[in-house]
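Take a look at the structure below.
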Amino acid sequence: MILNSVTVENFRSFYGEQTVNFADDSTKNTTIIYALNGVGKTNLLNAVLWCLHGEFSPSFTNHKDVLNWEAARRGRKSYHVSLYLEDSGQQYVVKRTGGEIENFKVFMIEDDGNVRELKGSPSMFVNSIIPRDMAGYFINDGEGGDLKVSQNGMISIRRSIRDILGFNVAEKTLKDLSTIKKEVRDELKKFDKDHELSKIEEKIQIFEDSISKAKTSFDENRSALELYEDQLDTVEKKLGSSSSAVVDQLIKQRDSAQKSRTARATQLASLEAQKVSLIREYSWVAFAQKLSHEALDFIDEAELKGTIPAPFNLQLVKDILEREECVCGACIKPGTPAFEKINELTREAADPDLLHRLQKARSRLTAVKTLSPQAYDRIEKNFKDVRAAQDEIQALDADLEEISNQILQLDDQEIRQLEKDRSSLKAKVRETQRAVDRLEEKIKSLTKDRSTLQDEASRIEGLSPRARVLKHKLNVIEGVEAQIAQELEEAEGSIHAILKEKIDSFLDKYLRQDYKVLITSDLNLCLQDRNGKAVPPSGGQGAILSFIYISSLIAIARERRDLESTILTPGAIAPLIFDAPFSKLDPKYSPNIARELPKLVDQLIILMYQDEGKNVTSTFLQEGKLGKEYYFCEQIAGEQGDREIHELNFGDRTVVVTEYGAAIDKVVVKEVERND
Amino acid sequence: MGYGRTEMEQNTDKLKKLAKDLILIERKSFYGSEPERDRLAKMRAQIDAVSKELGNDS
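Protein chains in written order, with the working numbering: chain A, 6 to 681; chain B, -8 to 49.
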């Protein structure tokens, strides 16, 4: 989108109609509007934002008091803003009226110059060009309202990133689905007679809430961990670069002890794993050892061995005796010697199945007897190794503590402080790492339990027809939730690397090597100086971070303009309108930023008081980017008295921006005419 | 998820379409082209329809 012009009428400080024609040339794409503080810069920016979306920026207060005071005094009831804009080669006019009459329309300017009202929703049209949840980043009041500083001094940009990635509609859908799901669960209670399913669904709901809380806590802790690790790294580097030979020696000793400790800790972890596997392998041997001794003495399969050679078929012998006839045809009648002999033999003969089972039992028991000493040796060796590794780690910890104490006693205040910081950070890293591990386990376990409950719910039989329908509906909602959540997760997961690349590129362009930006995995960032020290996100450095952050968001929105997603809202290409962006910025960095900003967007509109030696205007001029310049002249009805007359200089021309003795109070927009 | 895996796989396309339709309802309300109060009723109706369709299929 390119803004051609804005016309405001009776909007706050603007009485009657005032128009600004923006520079819409692709090369000379920058417009500067100069105005004293309190004269109307923020009003003009808000006129654009309000015309597009009916919303105001955070610094614009008294939303109900928009009608110009003089216009109201003269009986006017409404205020208007018209925006002439171009999108994808087509011209449009967006008109919004507020006050007594409220109206919002979009018109298309046809090739023959005729104006035709756009069919369909004007809101949808405007939002398709610049979504309202992204507009605040393009039309920026410079207050840094979105820079939310968290407890650990970092700036959370997760919300902004989600806005730019087009998450809002999907997130709202998930929220609504959760409401609908709750309604379905409530209804289910009525139709689930024995409450079996509704009780499970209730539990699932509790698990879902717990998972969500645990995930939030996990993200916070992981972010804090990344910050502490980064700070620890910086402190250790500083200690390592000390010019003192004593410190150098102690740090080398510590590095060596630390390396040994890390190696032993790895070995200990492996021995502990081996212990678990040995116990798994031999625990049955330990339990069966006594039993094996007693049972082997007891079991004597020789007793079962009879005179009929095994294997034999007992049933066959029984059949022969019953039929009274042998397989060879001989008669075997009861009472005959043959009958008595066979009968006698079967009584003493071994049952081959029983014999086989006993032999198997004996073999297992013999294995226990054989494995026992082996198990004992291996387990004892493992226990011994574990103890040795633990002792060694303990000794190394004592060495490390001793080295730390020696550093803390050195006659160097800075080194002592660094060592204290290091100890404190080490403790924080340990503590936070434990919390991260614990939460990770908790999430895994909760997710597993929820899944078990879901399986349990899906297996319930004998539901009433209505309960079955409701259960099915819950499944459908959960399926849709999973589809949406997956796309959001994938989009956010891929943005870290993209953001890092953008931020590094803007850092390089704006500041060269003076600062670095740390971005944690959950999208918290902080500006650090060359020594890795976090810079408080206020004042001049805050302004730097703000430029980097806004530039990165806009670059990402631009790249996502043609995103083909059914879930996420596509990005936008729109003018960047900045209110007083350079006011807090160190003059050292202003020219660099003034050089780069016009390259970032198709159109740049800057509202500022005056250059104040920051070489912003001159840079735009040198780079051939300055297309239009305006200033706001404040016309005041009263006499000047002892009040100051403010002037602005444009090359060799000077203009007055406060005129006294006017007919009425009003702000007049005037275009700058330069001779140079 | 309450679905059996195979059933889920079979119905993924229908769920994807439902997700798209629900997002569209939300988008119209979020960006002000349709009244916000109607959106939940419309979403419920879409879910009911797909739920019925999937119920008949299975």
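Glycine included, C-beta positions come from ideal geometry on N, C-alpha and C.
Restricting attention to E201/A, I412/A, S409/A and L475/A, the CA atom closest to the CA of D39/B is found in L475/A. Interface residue (Cβ-Cβ distance to chain B less than 8 angstroms): M129/A is classified as such. Assigned with DSSP and collapsed to three states, V661/A falls in strand. Of the candidates D534/A, R473/A, R455/A and E497/A, R455/A places its Cα closest to the Cα of D214/A. Rounded to whole angstroms, the separation of the alpha carbons of N145/A and N536/A is 31 angstroms. Residues of chain B with a Cβ closer than 9 angstroms to the Cβ of D191/A do not exist; the shortest Cβ-Cβ separation is about 13 angstroms. Residue pairing by DSSP places R121/A opposite M113/A in a beta bridge. Of all residues in the stretch 471 to 498 of chain A, those with a C-beta nearer than 8 angstroms to a C-beta of chain B are V474, K476, H477, K478, L479, N480, V481, I482, E483, G484, V485, A487, Q488 and I489, reading in chain order. Taken in chain order, the whole alpha helix (DSSP H) runs of length 4 or more contained in the stretch 44 to 119 of chain A are 46 to 58 and 74 to 78. In the DSSP assignment, Y520/A forms a beta bridge with D534/A. The DSSP-derived three-state label of A667/A is coil. By the neighbour-count criterion, in which a residue is buried when 16 or more other Cβ atoms sit within 10 angstroms of its Cβ, Q546/A is buried. Restricting attention to beta strand (DSSP E) runs no shorter than 3 residues, the stretch 10 to 50 of chain A encloses them at 19 to 26 and 35 to 39, ordered along the chain. DSSP, read as helix, strand or coil, puts M34/B in helix. Relative to the Cα of T622/A, the nearest Cα in the group P603/A, D402/A, Q96/A and F637/A belongs to P603/A. Identification of chain B residues near N173/A by a Cβ-Cβ cut-off of 8 angstroms yields F21, ordered along the chain.
Ranked by Cα distance from L430/A, the first of R367/A, T239/A and K675/A is T239/A.
Two segments are said to touch when three or more pairs of C-beta atoms, one from each, lie closer than 8 angstroms; by this definition the stretch 75 to 93 of chain A touches the stretch 12 to 22 of chain A. Using a Cβ-Cβ cut-off of 8 angstroms, R28/B does not count as an interface residue toward chain A, since no Cβ of chain A sits closer than that to its own. Rounded to whole angstroms, the separation of the alpha carbons of L631/A and R679/A is 12 angstroms.
Per the DSSP secondary-structure output, M613/A pairs in a beta bridge with Y39/A.
Proximity of the stretch 206 to 226 of chain A to the stretch 438 to 453 of chain A meets the contact definition, three or more beta-carbon pairs being nearer than 8 angstroms.
With a beta-carbon spacing of about 7 angstroms, K33/A and G629/A fall inside the 8 angstroms limit used to define contacts.
The beta carbon of F344/A sits closer than 7 angstroms to those of L326, I337 and K338, all from its chain and outside the five residues before and after it, given in chain order. Of K257/A, M139/A and G94/A, the smallest CA-CA separation from L573/A is found for M139/A. Within the DSSP bridge table, the entry for E327/A names no partner. In the three-state scheme derived from DSSP, where H, G and I count as helix and E and B as strand, I384/A is classed as helix. Interface with chain B (8 angstroms Cβ-Cβ cutoff): N108/A is excluded. For A36/B, no Cβ of chain A is located within less than 8 angstroms of the residue's own Cβ. DSSP places Q438/A outside any beta strand (DSSP E); the residue lies instead in the alpha helix (DSSP H), whose first and last residues are Q418 to R464.
Secondary structure in the stretch 237 to 272 of chain A: no beta strand (DSSP E) run of 3 residues or longer lies completely within the stretch.
Neighbours of K7/B in chain A, taken as residues at a C-beta separation under 9 angstroms, are given in chain order as V485, Q488 and T571. For E644/A, no alpha helix (DSSP H) run applies, since DSSP gives it neither H nor E.
If you check the CB distance, I38/A and Y635/A come in under 8 angstroms. Taking all protein chains shown into account, A36/B has fewer than 16 neighbouring C-beta atoms within 10 Å of its C-beta and is therefore exposed. Chain order gives no chain B residues near D454/A, where near means a beta carbon separation below 8 angstroms; the closest approach is about 14 angstroms.
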